[in-house]
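Numbering (the working numbering), first residue to last: 350 to 436.
We put the CB at the ideal spot given by N, CA and C, even for glycine.
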């Protein structure tokens, strides 16, 4: 993966947006995959260091509780109440 791109293609995608050229060079990039690193190091995953669905769900619920809730004004509460009762 590299941080370089085809500037002409990118410009055309955005309707011929102007581009500038900054001279320089690209660095060589090597891809490493986690599975290969685990195999090379002999590291073994255990159930302790794996994410389970319950833990993920609990994290989302906790974050949702920490986010401050907007206070409803009287009109909003009235409209929502009427919508729920069907009036």
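Given this structure, state the Cα-to-Cα distance separating residue 353 from residue 377, to the nearest angstrom. As a position in the chain shown, residue 353 is number 4, starting the count at 1. As a position in the chain shown, residue 377 is number 28, starting the count at 1. So the two alpha carbons sit approximately 11 Å from each other.
Residue range of the alpha helix (DSSP H) that residue 428 falls in? Position 79 of the chain shown, counted from the start, is the residue given in the question as residue 428. Its alpha helix (DSSP H) spans residues 423–434.
Since I believe residue 380 is in contact with residue 368 (beta carbons under 8 Å), could you give me their beta-carbon distance rounded to a whole number of angstroms? The residue given as residue 368 occupies position 19 in the chain shown. The residue given as residue 380 occupies position 31 in the chain shown. Actually they are not in contact, since the Cβ atoms of residue 368 and residue 380 sit about 28 Å apart, beyond 8 Å.
Can you find the residues in the same chain that come closer than 6 Å, C-beta to C-beta, to residue 360, ignoring five residues on each side of it along the sequence? One-based indexing of the chain shown puts residue 360 at position 11. These residues qualify, in order along the chain: 366, 368.
Could you tell me the alpha carbon to alpha carbon distance between residue 374 and residue 364, rounded to whole angstroms? Within the chain shown, the letter at position 25 stands for residue 374. Within the chain shown, the letter at position 15 stands for residue 364. Cα-Cα distance, rounded: 27 Å.
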